[in-house]
Amino acid sequence: MKEKGGDVLHVRSSRKIYFPIYLMIFILVLTLGIAKITGKEVSNLTLKLAIGFIVACFVITEVHRLGSWYEVNPNALVVSKGLLSRTTRRVDLVSVSDADTRQHVWQRFLNYGDVRARLFSKESTVLIKNVNKPEEFIDFLEKNMNKKKAGEGSPI
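So this is what it looks like as structure tokens:
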């Protein structure tokens, strides 16, 4: 989480969601290392494919992660998705009624999860996916919501 000036919080999806992919990369590197240490021959094609797979995994996970960001500022909750074509949704903090977290066991263990911000029109929910420390995100959101509702938020 990146706090800008105390009133703005800018976050992206957590890298922790890619733990299984990183574990798979670690196992692949470990397997290649053990093969090298024990003297087993690894063909150049296998080595090139493994390196290509590792690089592709890192690039794809980062592109996926950088494709969306979320921001809480004194006036609005901003959700932006997409890398080449971008969709941005701004929700005024006055229209947010409440927020809660959704975490599975693995997410609770690694302290990341989804935050759902409900709007006063019950049919609409803003989903903030896979953020680190979702409870702190909700606390920051509620602090800004309360300031805005009390009239302390900056004018538009």
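Numbering of the sequence shown is given in this note's numbering, commencing with residue 14 and proceeding in unit increments.
Note that CB positions come from ideal geometry on N, CA and C, so glycine has one too.
- Take V107, set aside five residues on each side of it, and the residues of its chain with a beta-carbon closer than 7 Å to its own are K161 and K162, in chain order.
- Secondary-structure assignment with DSSP links N145 through a beta bridge to Y125.
- H77 and W119 have their C-alpha atoms some 20 Å from each other.
- Judged by DSSP in its simplified three-state form, T51 adopts coil rather than helix or strand.
- When DSSP states are grouped into helix, strand and coil, R99 belongs to the coil group.
- Straight through space, the alpha carbons of L41 and V68 are spaced by roughly 12 Å.
- Annotation for A48: V55 place their beta carbon closer than 7 Å to its own, counting only its chain and skipping 5 residues before and after.
- Looking from the CA of I38, the closest CA among F71, R121 and R99 belongs to F71.
- As the crow flies, the alpha-carbon of V109 is around 8 Å from that of M158.
- For E84, the enclosing beta strand (DSSP E) starts and ends at S81 to V85.
- Judged by their CB atoms, I141 and V91 are not nearer to each other than the 8 Å cut-off.
- Annotation for D111: the continuous beta strand (DSSP E) segment containing it runs V109 to R115.
- Annotated three-state conformation of A130 is strand, per DSSP.
- As DSSP reads the structure, T138 sits in a beta bridge with R131.
- Boundaries of the beta strand (DSSP E) harbouring A89: A89 to K94, taken from the DSSP string.
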